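Encoded as structure tokens, the structure appears first; notes follow it.
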Amino acid sequence: RNGNSPDYNIVLLGELGVGKSALTVKYITRRFIMEYDPNIEDTYTKHEDIDGTEMCIHVMDTYDKEDSDPLRYLRWADGFMVVYGITSRQSFDKAREYLESVTQYLKANSKDSPVALVGNKIDLERYRQISKVEGNTLAQEFESLFFETTAAEEFEYVEDVFHGIIHEIQREKGDR
Ligand code: GDP
Ligand code: MG
9 RNGNSPDYNI VLLGELGVGK SALTVKYITR RFIMEYDPNI EDTYTKHEDI
59 DGTEMCIHVM DTYDKEDSDP LRYLRWADGF MVVYGITSRQ SFDKAREYLE
109 SVTQYLKANS KDSPVALVGN KIDLERYRQI SKVEGNTLAQ EFESLFFETT
159 AAEEFEYVED VFHGIIHEIQ REKGDR
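If you count the sequence shown from 1, position 163 lands on 171 in UniProt numbering, and the numbers rise without skipping.
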């Protein structure tokens, strides 16, 4: 890789089962893996060339246990993706908690890293519990980006989310 291509770190947060691993694996490999070990927490790397700019994207797919230290990703991340499933009210309530702790950390540390609220599983429209308006309203409350997506359909749904947050990271770092 080009020695001076920048590194950007993105972390995925959210309740177990919302599709963090599915979104991560889809972004890295373009494939939808139906059953991914829920106990795995790992970081993956992808080289990107966006609009002629090379970069190295590192994605941390988290698995939060009771005793996990949130500082492991809070310090590390340049951008945050807080994921819920549009079919789960409980995961949406959990997303609010993640938004609260992330934004509180950023404020306390005078950081301006972008945060995106991501409603996943829009292929399951008939089981939808959280409307797009409700998702958007929560995102606005935390001044975060908002996306709805699916890991189960075309790659572009997932790519749009990652590229959207990468653009904001570039802007925030003055790289663009
Ligand atoms: P995680 O615990 O947040 O990492 O969630 P996983 O990525 O392991 O996904 C949990 C379950 O939801 C798995 O059975 C996935 O196949 C499924 N899943 C993840 N994303 C989607 C999606 O966009 N659409 C559908 N229909 N299922 C999904
Ligand atoms: Mg997982």
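The beta carbon of each residue, even a glycine, is placed where N, CA and C say it ideally should be.
Model, not experiment: these values are computed from the prediction.
Between which two residues does the alpha helix (DSSP H) holding residue i run?
i: N144; result: 140-149
i: G119; result: Looking at the sequence shown, residue 119 is not Gly but Lys. Looking at the DSSP string, K119 is not in any alpha helix (DSSP H), and its letter there is neither H nor E.
i: K28; result: 28-37
i: G25; result: No alpha helix (DSSP H) holds G25; DSSP gives it neither H nor E.
Please report the straight-line C-alpha distance between residue i and residue j, rounded to a whole angstrom.
i: M42; j: A30; result: 7 Å
i: T53; j: Y135; result: 33 Å
i: T95; j: E156; result: 12 Å
i: F40; j: V169; result: 16 Å
i: R184; j: F154; result: 21 Å
i: T158; j: H171; result: 15 Å
i: H66; j: E56; result: 11 Å
Could you name the residues that DSSP lists as bridge partners for residue i?
i: N128; result: G93
i: H55; result: C64
i: L153; result: A124
i: I88; result: Looking at the sequence shown, residue 88 is not Ile but Phe. Bridge partners of F88: V19, V123.
i: D77; result: Paired residue(s): none; D77 is not in a bridge.
i: D50; result: D69
How would you write the range of the beta strand (DSSP E) that residue i sits in, first residue to last?
i: I18; result: 15-22
i: V67; result: 61-69
For residue i, is the beta carbon positioned less than 7 Å from some heavy atom of the ligand MG?
i: K73; result: no
i: S29; result: yes
i: I81; result: In the sequence on display, residue 81 carries Tyr and not Ile. Flag unset: Cβ of Y81 not near the ligand MG.
Judging by CA-CA distance, which residue of the options is the nearest neighbour of residue i?
i: K119; options: I177, A159, I130, V166; result: I177
i: C64; options: P14, K181, V123; result: P14
i: Y35; options: L20, D45, N47, P46; result: L20
i: residue 3; options: I173, I58, K102; result: Absent from the model: residue 3. The displayed extent of the chain is 9 to 184, so no value can be given.
The ligand GDP and residue i: does any heavy atom of the ligand fall closer than 7 Å to the residue's C-beta?
i: T158; result: yes
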